[in-house]
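Reviewing the structure listed below.
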Amino acid sequence: MTEGRQPRISRGWATLFALALATALALALLPAFPRQLQVSAGDVASRNLRAPRDISYESQVLTEQRREEAAAAVPESVTFDANVRSEQGDRLDSVLAQVSQIRDRADLTDAAKADALGRIENLNLSLRAASALLDLPDEQWQAVATESTK
């Protein structure tokens, strides 16, 4: 009786078979060349496409819209009015004259003078500030008045 001998495969043939199988699987699963899609403008692509280069497009309509929004966001500017300066100077002169008159009154106590300073229009002084103003020597008061009008 003959034994059922199986044919023996050499190592070389096994290696060659493994390489052929790996090559066939690689070609089937990983295409060597990406497929080229034939698409034209307006067609819906069957997969995502990557552009070969970056491009940019500047929309004139959107740019103009953003310019208008930016211009609208800028607050109104104040224009110089020379009359305001002279009006403020006149108010300051009036307040300084009233303070000087109150400081010079010998018939009032310091508390009455501080109360009178508190009633001057356009002058908001705390009691402490009014007392400090009344305690200034005349030379310093004149320096303050002169400096404030510069």
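So the mapping is simple: our numbering equals the position in the sequence shown, first residue as 1, plus 941.
C-beta atoms are modelled at their ideal positions from N, C-alpha and C, and glycine is treated no differently.
Length of the line joining the Cα atoms of residue i and residue j
i     : j     : result
G989  : V980  : In the sequence as presented, Gly is not what sits at residue 989; that position holds Asn. C-alpha separation (whole angstroms): 12 Å.
S1000 : S987  : 28 Å
S1041 : E1088 : 15 Å
T956  : R946  : 22 Å
S951  : F958  : 11 Å
T1090 : A1047 : 26 Å
A961  : A967  : 10 Å
R1026 : L1049 : 34 Å
T1004 : S997  : 14 Å
Q1083 : A1071 : 16 Å
L1074 : R1032 : 18 Å
R994  : D984  : 20 Å
D1079 : N1024 : 32 Å
E1062 : P1016 : 32 Å
T964  : W954  : 15 Å
D1076 : R1044 : 9 Å
A982  : A992  : 14 Å
L1066 : V1085 : 15 Å
E1028 : V1002 : 48 Å
L1064 : Q1006 : 48 Å
Continuous alpha helix (DSSP H) stretch holding residue i: start and end
i     : result
E1080 : D1079 to S1089
D1056 : D1051 to G1059
R1069 : L1068 to D1076
R952  : R952 to L970
**Sequence ranges, alpha helix (DSSP H) only - wholly within the segment 980-1032, length at least 4** = As far as the segment 980-1032 is concerned, its whole alpha helix (DSSP H) runs of at least 4 residues are 1001-1014.
**Request:** Specify whether the segment 1043-1062 and the segment 1006-1023 touch according to this definition: at least 3 beta carbon pairs, one from each stretch, less than 8 Å apart.
**Result:** By the criterion of at least three beta-carbon pairs nearer than 8 Å, the segment 1043-1062 is not in contact with the segment 1006-1023.
**Asked** Are the segment 1032-1046 and the segment 1005-1014 touching, with three or more C-beta to C-beta distances below 8 Å?
**Response** Flag = no, the segment 1032-1046 and the segment 1005-1014 do not touch.
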